[in-house]
Structures are given as structure tokens and as C-alpha cells.
Amino acid sequence: MLDYMIYLITFAAGSILGLLYSYKQHGEPFVAVTKFNVPFAIVSIAGWVLGFCSGNVILSAIGFLLAGFVMGERPGYGRKETAVGLIIAIIVYVLLKRPLCMM
Amino acid sequence: MRIGALWNKLAKPKNIPRLFAFSLGIILIIGLIVPLALNPDQLYVRPAPQEQVDEGLAIAPYDRGGVPLKEPGNIDPQYPENAESLGMITGYMSPLAEFVSSISPYFGTSIYSSPGGLIDEILYYTRGFDTILESSILMMSFIIASWLSINYTMNRKNDEDEIKKDVKKAIDDSNRVASHVKANDAKARAKQLRRDN
Amino acid sequence: MISVSLFFYFGIFLAIVGSIATAWGPGVSDPVVRTFNTEIASIGVCLVLLCYNHVLALLTLLATTVIITLILFRAIIRLEEMGADV
Amino acid sequence: MNLMAEILIQVIIAFLAGSLLLGLHRKVMARVQKRPGPPIVQQLIHSLKFFFKETAFPKTVSKVFYIGIVFILALIWVVGVIVGPVAKDSLLILFGVYAVYKIVEHNSGSSSGSPYGKLSCVRAVLSAATELPLFAAIVFVYMVTGTMNIGEIITYQSVHGPLIYSIPLAALMFFMLILTKSPYSPFAITKDKVLISGFETEHFGFLRGFMLFSEAIAWYVLLWVFLTIFFGPLNAVGYLIGMIVISFVTGFINATTPLLSPNHSVMTQITIGAICFAGTALMIFTGVVA
Amino acid sequence: MDFVTLGGNLLGTIRLGDIVLYLTPFSLFLFAVLLGFTVLIGLSKPETQVEATMHYLNNTEVKVGQKELKQRRFLAVICGIASAGAMITGDLFNFTLFMALVGILNIGIVSAVKQTSVLDSAFNYGLIAMMCSLPLFGGAAIILAATGTLSLAVLSQMPASPMVVLGAVLMLLGILGESGVAPFFASKAEMFRTAGSPYIVIIHLSSLFIIVRAVEILLLVLW
Amino acid sequence: MEFLVSIIAIALMVIGAFGVIFMKKPLDKIIMFDIMDAGFVLVVVLFKYLDVALFAALAGPLSTLVFILSIVKIKEIRTDKIASGEAND
Amino acid sequence: MFVPQAFISMYLPAIYAGLIVGFIGTMAIAINRRELHILILTDIVGLAMIFVVSAVGTDLAEALILPGLVVELAETLAISEILITREMRKIEQDPRANLAKSSSIFPQAFSLDMEIMTTAPNFIALVLIGYGIFLTGFTGGAVAGGGIVLYALSKKARGLPVLMLDGIAGVSGIAWCLWIIGFLLFFVAPQYWLLSLFLAACGLLLKVASKVGLIGLLMREDIDNE
């Protein structure tokens, strides 16, 4: 169970960091952002893929930290990036799992 | 009727005992159609009614055999291994009870229920914990009732007539005190006057 | 020999009659009458206990019936005296 | 791994996961109502934040209970974690834990002396009715599986398939309980906004922190028990998906339904419980359930 | 079913003649919680209850005499001990007696208050508690007649007959009434609208725990 | 002999019971209650429990006393109420 | 040992009678609106309980009835007292609406000259108390308590004797302790069973009798002459 606790802690820490960071960046009142932020999307994809598919506690923990960082941004930011990251991670997970099952 | 109105009726405390009584009555009536029969394999079995009286035994309906203080009587508890001196009380009779049993054969109940005897065995020994609870129930409800009556329902300090009487007495008292004070005043003044002169 | 079952069934009869009288008898809107009618049922129960040879229970029932009646009458009197409508 | 470490880890997991799920719940409700809503991590930050706030004690409180009850609340759900995820012991003990939780809800309302807390306390008594569907659900689980031990229920399910297929109405009853315990639920009469925050109104500072802490654990444990006894042996991902789905569903229901008046809420739960009870009993005795 | 499937391993027994108290993890948990609460009740002071005044903005304090609070504390502590006992008892009739004791104490705790709505509810609850003697004792007696025993350890090994089911249903109704859950909730809820929260909590605590324990007992009897 | 006494006892109890139910005046009811009690004592004697009969015989007057006291008091309260004009019946 | 045939054949009529009496009582409660009447009718429900319990027809059944009776008595006392309190509180909070001219919150004295009140009670009370002491236990307590009630009723003194009540409460508390000690002694040291038997029996007698006697003191306020 220890690994799950580590994942949860890193994810929460990442979210908090992301929140702090995005408040520092954007001080204005709520706006629904339509722009797609590419660097954050890359971070998100990297995070979710690492988190789901690495199979290593430390790598997964880092992955969840990154994923949490994007997902935890203040409302209106980081939604699309998270969605893209999550979808790609699931696809990668399924692709990786299939051969494993066959073996 | 709309179900909401029905639910609102259930929220009034006054209707609850009646609702409870109604549902209890329904279950009791359902009980009439359930096949009921006494299981003959019971604990603490007693002989058929009037059998012992007709035999003319001195301690009529409660004779379960056994010699006082020597041989345990014939009773049948759930866990005999938990009761070491089982049946000894069944055979025991206090001196007073011995005396009564020697003068008349018709006082079996009283003889047997004076300390010792079958029912005492059950009440104090094999099922003693029940009796603790029952006497506590009695004690608690008497505590409640007597507390209420001493402090409220019988408390004459709240009674109007009594208060009126008290007020009257208090007025009288204060009048008397006032007159005393006045008299003392007059006396003191007289003394003062005398000294001045 | 006396017939135990005669008194047994009579006791049951008396208990049922007494309870019906308590519930719907004539003049039961007066609490005093209602309390009186419970006595009939309790005599019926006494007979049944006698037939079962529960003699000590019978003694206790006799004593408690008197005391319960006393308590109920006390409540009735106090409430009437107060003029409370319950 | 030794037992103490296991308990500690499970409690931390329960707290973090519960907080995040509650945050998700809040977010879902906000999105349904076309609001942006706070970030998901907000619930967790809140609970942590309260531990560092200044604590004030109202003048009217009954000191021992006012403070003690909060610790009892936290303790009782830690026991819940121990009995549930850690030891997989008897379901009846979890039932007892839930009963104590109701008591705590009641007493933290009344021990503050505030009129709002008092009202919440009275409503907590009313809502003791939610115990009954829970009891019925547990009894049906017992009737089908023949055991009260959570571990044995899991093994039963791994052989016979998840219980949700055989006694769906019992699962519905249990789900009602979860719905009742979720924030802003139509049945959450103790936390009606008429009563400010219900029984928590007068609890400030670290006391409120403990309350939020145990609420998160409670949410986690309830979801865990529901998933475990009705959905059979699951792995971590299964639990994760299940919990997120249930949080979504309850959030959606809560966002779209109004709060019921206290006695209607109680009677609705009882009525649904009774219908489910009768239905499941019928299913069992007519042999639909093997 | 026996104790082990329901409450966990049997940790020990206390033998008092025919009445044997059983300790399982389940009953011990309930017992310990009740005793803990009882200790807290004995130690704690009551809160000052504040009530909002109708039509005005100020609050009024509900005053309760010191003597009355002492009485309440006494009854509450006894109630805690009684319900703790009900958690570990292993005898059907003994359990019903514990319930009767808890019922009368619940009424007693609120009997001296001034609010008439509270007294009204206490009286109505008292009526139910009195009627409960029929389903509780009667149900136990019917089970006794059908099986010939009152000990839960023996009862749990016996198959259920329709008569036992009738007795169990009667007992269930008695338990529902005595502990005031729905649909009989209204009789008890109003009783909590008074000051003295430490003493009042035991009313709720005892009734909830008795339900929890009753579930176990009914399962033992029926299966 | 025993059969005869049984019949007498039952007759007394029946008369007493229906008397208590159907008599109008409270004092008549008390008398009828005593008749019923007498029948009951007879049954107890028939069952040969003399000590119980002794107690039943003592409890009879006791309850009669309670009845009389309360009925007199209630009557007084009711007449008072009618005299002061607040009760119409 | 098995239950005799007589009891087995008596079981069905007895339990049916119990169910019917209970049904009548509960239905009467269900259709009645006035609370005092419901209180009186619960007595009938209690009688039904005695039927059902006694139908088992063993010594155990009798041992279960005995305390059940006392419990009924106790609950009736407490609940009637609460009813009176409630009505008094109602009047107290709104005197104009409820209290009419000829009514009074507190019991008033009334004049009644009964020969029997001066002569009979002392004798009957003496016999009852003596017999109760001989019986001991629950039954003895109830019997002796009846005697004390009668004695207290016949005394001509008004005003609640709080000191005496306190004394009685103290006596019954001590008696309860005696009973507990006796009970524990039975299990801890069975060789002293005679001592513990007497402790238990006499403790219970004192307890029940003193508590029941208290009713007499309360009653004296209500139905007694000046």
C-alpha cells in the first residue's frame, strides 16, 4: 500500500504547487481560457504516461507530481491539457498492456 | 391522501403511540394464524396443576424434592455447571417456615417463598442478573417519580394560597419588626435626651 | 377433584370480557369507569395464573393491581382538579 | 509490513483520497450548476489550513464534550479504516462505527449550546432512520453469503460473481446511505443551509480541521465498503474508478435535487428502504437469487 | 449461526448462573465505546443553551437548576452502564430487561425539564415504552416456548420455526418502538430540544447501540 | 360439593363482572366489584391455597377503600365544577 | 423431564387469549385520542403480556412474570407523574387559558368522615406488613408495601414529609446494596449461600416495600381528609 500512499501524496503536492504557480502567473478574475498551452500539455502527457505506465515507484511518483501540477491549476486553466494527457496515457497503457496479456 | 400529508402526520408525537399500538395489534392478529405449539422440552419443569395439592404435600405447588441442607432438589437449569450449590436453596426452609409448615398443610406458598425455595433459587441464583435489573428498573422509576413530586408536583412552595399566607405572615412580621424598631428608637432618643439634660 | 380447565377457560373469558369492556364498554369515556373495568380483566388473569399454579405471581399481581389502581386514580384526580383536558 | 505502519498508511490514503474525492464531488456539482467551482485539491487544502488557524471556544460550550467529541469523531473513522481496509473484519463492527458517527454528529451539535447546533442535533436524531436501510442491506448480504466477515465476502464473490448482480436492490439501499452522507445531498438535513453549517457551526480552528479530516476518511471508507461488498474483488485501479464514478453520480444527483424537509427526508429514505427490502426478500424467497 | 460468524472470535465468557455474558470483538467494541462515553458524561459540565427569541434579534439563555442537572447526570451515567451491559449480555430475556431499563431512564433524563413540548414527547415515548413490554417480554416468552431455552448460545444452534419468527418479529417491533427509529421517530426527537447536551447524548447513543446489538441477536435467533 | 361451590363462585364472578360493566352509579360498581372479589376468594379456597386466600381477602377491602376514597373525591371535584358553572353536564 | 400434558394442552388457549387481549388493548389505544385513557389502556396490554409469559407454564415462566409485574407498576408510576407534570407546566406557562376558577394546581383538602379510616387500616396494615416480611422477596415487598400504603393513607397529616421520603430513599438504596452483595457472594463464595440468600431476600423486600410505601405518602396529599 506504501506506493499508493506515495502516489497520492505526490499528486496532492503537485496539485498544490500547480495552484500556487498558476495564481502567481494569472492574478485576474475568472476567465474561461480557450487557448491550448503546449508546454503544459507536454508536461501533462509526460506526467500521466509516466504515472500509469512506468511500473516503477519513483518514476510513477514523479509522473503523478507532474500530472497533479497541470491538473491542479486554478479553475479555467489546464483543463484541455489534462484531458489530452489522460487520454494519451490511457491509450499508451492499453497498448502496453495488450502484448503483456498475450505473453 | 397525498403521501406528504401522511408523512407530516407521522411527525407529531401525539400520533406515535397510536401508530405503534396499531402496528402491534396487526402483528398480534397475524400471530393467530401462525402455528403455535409448546415445545415439551423446557427448563425448570413443574408438575401438572393441582397434582401436588391433591397429594397433600405440605409445601404444595413448589415441592421439588430434596432434603433441606443435605440433598439438592430436582430442578433443571440451563447451565448446571455454573451453579455450584444448585438445589440447596430449593431444599432450605427458614426456622419460621418450618414452624408454619408444622401447624398447617395449607400454607405451602408462603412457606416456600420465605427465604429459600424454588423461585428464590431462580430469582437470586441461576437468573440473579435479571433480578438486579428488575429491581434497578423499579428503583429508577421511583427516583424519577419521587424527584418530580418532591420538587415539582407536590411542592407547596409554588402554591398560591400558601404564598399568600406567607406574604401575610411576612407583612405581619415586618410590621412587628418596624414597631420594635420604632419603640427602640423612641427609647434611645429618650435616653439621649436624658443624657443631654 | 375440581375442574381446573373450567376455571381456566372462565378466566380467559373474564379477561377478554374485561378488556372489551375496558375498550368499548358503556360509559368508558369517564376514566374512572375505564379503570374499574380493568379490574375485571385482572381478576380473569388471576384465575389463569391460579390454574397454572403460579401462586407467587398471583400474590404479586393482586398487590400490584391495587397499587396501579391507586396510581391511576391519583392521576385522574389531579388532572380533574387542574381542569386539564387530556 | 507491521500492523501499525499498515494502519498509518491506510489512514493517510483514506484521508488524501477522501479529500480529493470530496473535492471532485464539489467540482462536479459546480459544473452541473454552470459555475467554475474550486480546484479539486481545495478540500484538502482547506482541511490542512484549519489546523493552523486560531482556535476559539464559545463561552456557552460544554468543554469536555465540545473538544472530546471531535477527537472521538476522528478516532471512530480511524477504527473504521482499521476494521475495513486493513483487517477486513466483521461488517457489524462497521455498522457500530457508523452508529457512533451519528452520535458524534448529534453531540457536536448540541454541546456547543448554539441554537443552530441544537436544531441540527434534533435532526440528527430524526435521521437515525438511515440506519435501517443499512441494517437491511447488511442482513441481505449476510443471508446470501452466510458470513459477516468482509474478507470472506470477498472470497464468496470471487467464486460466485459480484453481489450487485444477485441483490441489486440491497446495493441500492446501501447507495442511498452513501447519498445521504454526501455533502449537499437532498437528505442531508443535519447540514441544511438554514442551520448555517449544522453541527459544525460552532467548531473553529483545529477542531474544524479534525472534522474535515474525519469526513474525508468517512467518505473513503463508505465508498470502499460499498465497492467491496457489492462489486467483488477489485484491484487499486478498480477502486479508483469506482470511487470516482460514485462521486460523479452523487455529485450529479445532489446538484439537481432540492433539500427535502426533515420528516419527508426521513420517510422517503424509509419508504425506499422498505420497498427495496420487500423486493429483495421476495427475490430471495422465490429463489431468483441462488 | 454462531457468534464467530457474526461478531468475530469468542474472546471469553462471564458466567453468572444461567446468564452468560459473551465477549466478541464486536460486543467489546460497543461496550468500550459506551463505557468511554459514560466516563465523559460523568466528567463533563453541561453547556449553556441559547435560544433565539421569536420576532426579536436577541438570544435568551435556557436556565436549568444545579440540582436538576445533578439528577440528570446520575440517571445518564446509570443509563450508560445499563446500555453497556446490554451489549455483552448473552441471554434473550436479560437483553429485553436491559432495554426496559434504558427506556425508563431515557424518560427520566428529560422528565424534569420546563419545556412542555419536551415533556409531551417524553410522555408519548413513555406510553410506547410501556406498551413495549408486551412485544419484548412476550416475544422472548414465545421464543422460549418454541425452543425451550433463552440462552443465545443455544438458540443460535437451533433452526427457526414459524413460531420463532413470530417471536422475533414481535421483538423487532418492540426494539423499533423502544429505540424510536422511523416510523416512530417523532416520539423521541423532540426530547432532545433541551439543555444539558452531555446527558442527552446518552439517550441517542443507547437507542442506536441497542439497535446495532439487536440486529446481531435477531440474526442469532433466526439463523 | 366442590362442583356446587365452583358453580357458586363462577356465578358470583359473572354477576360481579357484568355488574361492574353495566351498573351506572360508581358506588354500585364498587359493590359489584366486591361480589366479584368474593367469588375469586372462593375459587382460591377451592384450590386449597389458604394463604393466598388470606391475602386476597385482605387486598379486597384495601382496593375497596381506595375506590371509595377516590370516587368521593372525584365526585366532590365534579360537583364543584358544576356549581361554579364551568362544566355544563 | 418434560412438561406435563396438561400444560401443553393449556398453551394454545392461553396464548390465543393473550394475543386477543393484546389486540383489543392495542386497537383501543389506536382509536383513542385522549392521553389519560391511553395510559389506562396500557394496563390491558400489560395483562396480555402476563398471559403470554405465563402460558409457558414452567417455574422459569413464573420467575419471569414476578419482576415483569413490578416493572409495569414502576413505569405506570413514572409516566403518570410525567403526565401530571406536563399539565402543570402548561397551566403554569399560561394560567389564564387553562386554569378555571374552581380548579387548583395543587390538591385541595376535602372533608370525609369514614369510620373505616380510623379503625381498620392499622390492623390490616399490620397483618399485611407482617405477612410481607414473612414472604420476603418481590412478593413480600409488594405485599408489605400495600400495607404501608394503607397505613400512610389513613394518617391525618397533610404536607409532604420530604425528610421521611429522603429516609425511605436511603433505606432502599442500602437495601439495593445488600442485594448486590448477596448476589455477588453467591458466585464468589458459594459456601456462604445461606448468608447471601438472606441478604438478597431481605434486601429485595426492604427495597420494594419502601419504594411502594412511598406511593402512600404521595397519595396522602391527594385523597385525604383535612
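Residue numbers (the working numbering), protein chains in the order written: chain A, 191 to 293; chain Y, 2 to 198; chain S, 175 to 260; chain F, 1348 to 1637; chain X, 47 to 269; chain G, 19 to 107; chain U, 16 to 241. Glycine included, C-beta positions come from ideal geometry on N, C-alpha and C. A quick note: this is a predicted structure, and the numbers were derived from the prediction, not measured.
- Nearest to residue 1424(F) by C-alpha distance, out of 1587(F), 1563(F), 1593(F), 1632(F), is 1563(F).
- Interface flag for residue 145(U) against chain Y is unset, since no Cβ pair is found closer than 8 angstroms.
- For residue 94(X), the neighbours in chain F by C-beta distance under 7 angstroms run, in chain order, 1407, 1460.
- Around the beta-carbon of residue 22(G), fewer than 16 other beta-carbon atoms lie within 10 Å, marking it exposed.
- Below 8 angstroms, too few C-beta pairs join the region 3-22 of chain Y and the region 254-266 of chain A to call them touching: fewer than three.
- Setting aside the 5 residues that flank it on each side, residue 1532(F) is surrounded in the same chain by 1526, 1601, each with a C-beta closer than 6 angstroms to its C-beta; the list follows chain order.
- Within the region 1372-1410 of chain F, the complete alpha helix (DSSP H) runs of at least 4 residues fall at 1389-1398.
- Annotated three-state conformation of residue 60(X) is strand, per DSSP.
- Restricting attention to alpha helix (DSSP H) runs no shorter than 4 residues, the region 35-111 of chain Y encloses them at 52-56, 89-92, 96-104, ordered along the chain.
- Contact check for residue 129(Y) and residue 63(X): beta-carbon distance about 6 angstroms, within the 8 angstroms limit, so the pair qualifies.
- If you draw a 10 Å sphere on the C-beta of residue 26(U), you find 16 or more other C-beta atoms in it, and that means buried.
- In the displayed model, residue 94(X) falls within coil according to three-state DSSP, outside both helix and strand.
- The way I'd put it, the region 81-89 of chain G does touch the region 40-55 of chain G; three or more beta-carbon pairs between them come closer than 8 angstroms.
- The alpha-carbon of residue 1593(F) is positioned some 15 angstroms away from that of residue 1583(F).
- Taking residue 1609(F) as the centre and dropping the five residues before and after it, the same chain places the C-beta of 1470, 1473, 1536 closer than 7 angstroms to its C-beta, in chain order.
- Annotated three-state conformation of residue 106(X) is strand, per DSSP.
- Look at residue 137(X) here: in three-state DSSP terms it is strand.
- Here the alpha carbon of residue 233(A) sits roughly 28 angstroms from the alpha carbon of residue 1394(F).
- Straight-line measurement puts the Cα of residue 1523(F) at about 58 angstroms from the Cα of residue 32(G).
- Within chain Y, not a single residue places a beta-carbon under 9 angstroms from that of residue 105(U); the smallest gap is close to 13 angstroms.
- For residue 1541(F), there is no enclosing alpha helix (DSSP H), since its DSSP letter is neither H nor E.
- Beta bridge pairing from DSSP links residue 1489(F) with no other residue.
- Residue nearest to residue 239(X) within the set 1599(F), 1467(F), 1489(F) is 1467(F) (criterion: CA-CA distance).
- In this structure, DSSP gives residue 211(S) a helical state, which the three-state scheme calls helix.
- About 7 angstroms separates the beta carbon of residue 200(U) from that of residue 210(U), a gap short enough to meet the 8 angstroms contact definition.
- With contact defined as three or more Cβ pairs closer than 8 angstroms, the region 1549-1568 of chain F and the region 1612-1620 of chain F are not in contact.
- For chain S, the residues of the region 58-87 of chain G that bring a beta carbon within less than 7 angstroms of one of its beta carbons are 58, 61, 62, 64, 65, 67, 70, 73, 74, 77, 80, 81, 84, in chain order.
- Within its own chain, the residues whose Cβ lies closer than 8 angstroms to the Cβ of residue 79(Y), once the five positions on either side in sequence are excluded, are 44, 127, listed in chain order.
- One finds 33, 37, 63, 64, 67, 68 in chain U with Cβ atoms closer than 8 angstroms to the Cβ of residue 184(X), taken in chain order.
- A distance of 8 angstroms or more separates the beta carbons of residue 164(U) and residue 225(U).
- DSSP places residue 211(A) outside any beta strand (DSSP E); the residue lies instead in the alpha helix (DSSP H), whose first and last residues are 192-215.
- Exclusion of the five residues before and after residue 226(A) leaves 270 as the residues of its chain whose Cβ lies within less than 6 angstroms of its Cβ.
- The Cβ of residue 1439(F) sits closer than 8 angstroms to at least one Cβ of chain X.
- By the 16-neighbour rule on beta-carbons within 10 angstroms, residue 173(X) is buried.
- Residue environment analysis places residue 178(Y) among the exposed positions, since fewer than 16 neighbouring C-beta atoms fall within 10 angstroms of its C-beta.
- Taking 8 angstroms as the cut-off, the beta carbon of residue 1491(F) is found closer than this to the beta carbon of residue 1510(F).
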